[in-house]
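Single-structure report; data block below.
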Amino acid sequence: MDKPTEERLRVAVKIARAAGDIQRDRYETPLEIQTKSVDIDLVTEVDRACEGLAVAKIEEMFPEDSILAEEGGGTNRKNSTWRWIIDPLDGTTNYAHGYPRFCISIGIEREKKRTLAVIYDPLMDELYHAIRGGGSFRNNLKISVSRESLMERSLLATGFAYDQKRSRRENVEYFAAFLKTARAMRRDGSAALDLCYVASGRLDGFWELKLSPWDVAAGYLLVEEAGGRISNHSGGAAFDSGREVVASNGIIHDNMLKVISTVHV
Ligand code: IPD
Ligand code: CA
Ligand code: CA
């Protein structure tokens, strides 16, 4: 790892741990909660505090880097080599309900290529990181995807977008189809942690629709560097936008794509 990459990894880990401290301290305390796109899309004062500290630290240490942050606090700098993509609190609905599944997610691109990933789950004290070409790790121990080859023995996860009340029901149809083929399904409310779990073999596969760049920027690299595969729903290159994603151990990937292709929505 060269010096600029190493420095950014060190700062990203520092930010993740500091945000994790806030998330742990404020967990299950009374929170100021507002809504965003629709009445079930929430933002809390903790989302904003974590984003604020992340953006301030990056601007202090790397003033030329671009930042895309979910709550809008980042600055896009034309011609910058580095871009940070941040979800300050992934799993806000869980957090607001005191359901213990949430994290901060930081993905870093260099020349538009996914280069570093840091995701921290403060309650489990699990820090995931990945380095392009250098592997994926949980608490500094190397992780890899599962070796499961059969859909009927696979544990899969997904999530549902906030427009679920108004939109077509495509993910309900996918869910029903996977329910018939996989061993079991989970919907646990943090796409970034779902991707960490694919990377570390706790899940065999994950799919979702209508995610955003900050949900997937770090998780994609973690899955890839752990030996897994990510793609869009047709098997092509995964969209950086997160618009549709399939992530898996690689072995069951084509079978997951097949299930998706059989659903007519
Ligand atoms: C959400 C979570 C959830 C996923 C949603 C995301 P947020 O992010 O990752 O698991 O199903 O699509 O928007 O709002 O908690 O940062
Ligand atoms: Ca998110
Ligand atoms: Ca969020």
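Just so we're on the same page, this note's numbering is the position in the sequence shown counted from 1, plus 218. Glycine residues also receive a C-beta, built at the ideal position from the N, C-alpha and C atoms. The structure displayed is predicted, hence computed values, not measured ones.
Does the beta-carbon distance from proline 340 to arginine 242 come in below 7 Å?
Taking the first residue of the sequence shown as position 1, residue 340 is located at position 122. Taking the first residue of the sequence shown as position 1, residue 242 is located at position 24. Yes.
Could you work out which residue in Thr399, Ala456, Gly460 is closest to leucine 427 when comparing CA atoms only?
What you label residue 427 is simply residue 209 of the sequence shown in a count that begins at 1. For the residues Thr399, Ala456, Gly460, the minimum Cα distance to leucine 427 belongs to Gly460.
So, at 7 Å on beta carbons, what are the nonlocal neighbours of aspartate 422 in its own chain, with the 5 sequence-adjacent residues on each side left out?
In the sequence shown, residue 422 corresponds to position 204, counting from 1. Excluding residues within five positions, the ones whose Cβ falls inside 7 Å are Ser364, Glu366, Ser372, Leu373, Leu374, Ser466, Asn467, Ile470.
Between which two residues does the alpha helix (DSSP H) carrying methionine 474 extend?
Counting from 1 along the sequence shown, the entry for residue 474 is found at position 256. Note, methionine 474: alpha helix (DSSP H), 471-480.
Would you say the beta carbon of aspartate 433 comes nearer than 6 Å to a heavy atom of ligand 1?
Locating residue 433 in the sequence shown gives position 215, where the first residue counts as 1. Checking every heavy atom of ligand 1 against the Cβ of aspartate 433, one is found closer than 6 Å.
Collapsed DSSP secondary structure at proline 281 in the structure displayed
Position 63 of the sequence shown, counting from 1, holds the residue named residue 281. Three-state DSSP puts proline 281 in coil, outside helix and strand.
Terminal residues of the beta strand (DSSP E) in which phenylalanine 391 lies
Residue numbering aside, residue 391 sits at position 173 when the sequence shown is read from its first letter. Position check: residue 391 holds glutamate in this sequence, whereas phenylalanine was assumed. Unbroken run through glutamate 391 is the alpha helix (DSSP H), 388-399; no beta strand (DSSP E).
7 Å Cβ cutoff met for glutamate 263 and glutamate 246
Here residue 263 is taken as the residue at index 45 of the sequence shown, counted from 1. Here residue 246 is taken as the residue at index 28 of the sequence shown, counted from 1. For glutamate 263 and glutamate 246, no; Cβs fall outside 7 Å.
Other residues of its chain near asparagine 450: CB distance less than 8 Å, five sequence neighbours each side excluded:
Locating residue 450 in the sequence shown gives position 232, where the first residue counts as 1. Closer than 8 Å at Cβ, skipping near neighbours: Ala456, Phe457, Arg461, Glu462, Val463, Val464.
Taking its Cβ as the centre, do 16 or more other Cβ atoms sit within 10 Å of isoleucine 258, making it buried, or is it exposed?
Along the sequence shown, one-based indexing puts residue 258 at 40. Isoleucine 258 should be labelled exposed.
Aspartate 339 - DSSP class collapsed to helix/strand/coil:
Indexing the sequence shown from 1 puts residue 339 at position 121. Aspartate 339 falls in the strand class under three-state DSSP.
How close, in whole Å, do the beta carbons of leucine 359 and isoleucine 349 come, if the pair is a contact with beta carbons under 8 Å?
Translated into the one-based positions of the sequence shown, residue 359 becomes position 141. Translated into the one-based positions of the sequence shown, residue 349 becomes position 131. Not a contact, Cβ separation roughly 14 Å.
Name the residue from Pro222, Asp343, Pro248, Gly291 whose alpha carbon lies nearest to the alpha carbon of arginine 328.
Translated into positions along the sequence shown, residue 328 becomes position 110. The shortest C-alpha separation from arginine 328 is found at Pro222.
Can you tell me whether aspartate 305 sits near ligand 3, meaning its C-beta is under 6 Å from at least one heavy atom of the ligand?
Taking the sequence shown and counting its residues from 1, one reaches residue 305 at position 87. Yes.
In terms of alpha-carbon separation, which member of Ser255, Leu429, Ile448 lies closest to tyrosine 438?
On the sequence shown, position 220 is the one that residue 438 refers to. Checked all of Ser255, Leu429, Ile448; the closest Cα to tyrosine 438 is Ile448.
Proximity to glutamate 288 [Cα-Cα], best of Glu391, Asn473, Val434:
In the sequence shown, residue 288 corresponds to position 70, counting from 1. Glutamate 288 has its Cα closest to that of Val434, out of Glu391, Asn473, Val434.
Tell me whether aspartate 308, by its Cβ, gets closer than 6 Å to a heavy atom of ligand 2.
The count along the sequence shown starts at 1 and reaches residue 308 at position 90. Correct: aspartate 308 has its Cβ closer than 6 Å to ligand 2.
Counting C-beta neighbours from all protein chains within 10 Å, is the total for proline 281 16 or more, i.e. buried, or is it exposed?
Taking the first residue of the sequence shown as position 1, residue 281 is located at position 63. Exposed, because fewer than 16 other Cβ atoms sit within 10 Å of the Cβ of proline 281.
In the DSSP assignment, what are the bridge partners of serine 449?
One-based indexing of the sequence shown puts residue 449 at position 231. Bridge partners of serine 449: Val464.
Consider the C-beta atom of alanine 272 and the heavy atoms of ligand 1; say whether any pair is separated by less than 6 Å.
Locating residue 272 in the sequence shown gives position 54, counting from the first residue. Result no, Cβ not under 6 Å from ligand 1.
Would arginine 401 be called buried (16 or more neighbouring beta carbons within 10 Å of its own) or exposed?
Residue numbering aside, residue 401 sits at position 183 when the sequence shown is read from its first letter. Counting Cβ neighbours within 10 Å, arginine 401 comes out exposed, since fewer than 16 surround it.
Threonine 299 to lysine 330 span [Cα, whole Å]
Counting from 1 along the sequence shown, the entry for residue 299 is found at position 81. Counting from 1 along the sequence shown, the entry for residue 330 is found at position 112. Each residue's alpha carbon lies about 8 Å from the other.
I need the boundaries of the alpha helix (DSSP H) containing alanine 409, first residue and last residue.
Position 191 of the sequence shown, counted from the start, is the residue given in the question as residue 409. Start and end: 409-417.
At the level of alpha carbons, what is the spacing between leucine 260 and aspartate 308?
The count along the sequence shown starts at 1 and reaches residue 260 at position 42. The count along the sequence shown starts at 1 and reaches residue 308 at position 90. Each residue's alpha carbon lies about 11 Å from the other.
So, are the CB atoms of glycine 325 and isoleucine 303 less than 7 Å apart?
As a position in the sequence shown, residue 325 is number 107, starting the count at 1. As a position in the sequence shown, residue 303 is number 85, starting the count at 1. It is a contact, given that the beta carbons lie within the stated cut-off.
Is it true that the CB of arginine 356 sits closer than 7 Å to the CB of tyrosine 346?
Translated into positions along the sequence shown, residue 346 becomes position 128. Translated into positions along the sequence shown, residue 356 becomes position 138. A contact, by the Cβ cut-off of 7 Å.
Using only CA atoms, which one of Trp432, Arg404, Arg228, Leu429 lies nearest to arginine 420?
Translated into the one-based positions of the sequence shown, residue 420 becomes position 202. Taking only the C-alpha atoms, the option nearest arginine 420 is Arg404.
Near ligand 5: alanine 417 beta-carbon under 6 Å from a heavy atom
Ligands in the displayed structure: ligand 1, ligand 2 and ligand 3; ligand 5 is not one of them.
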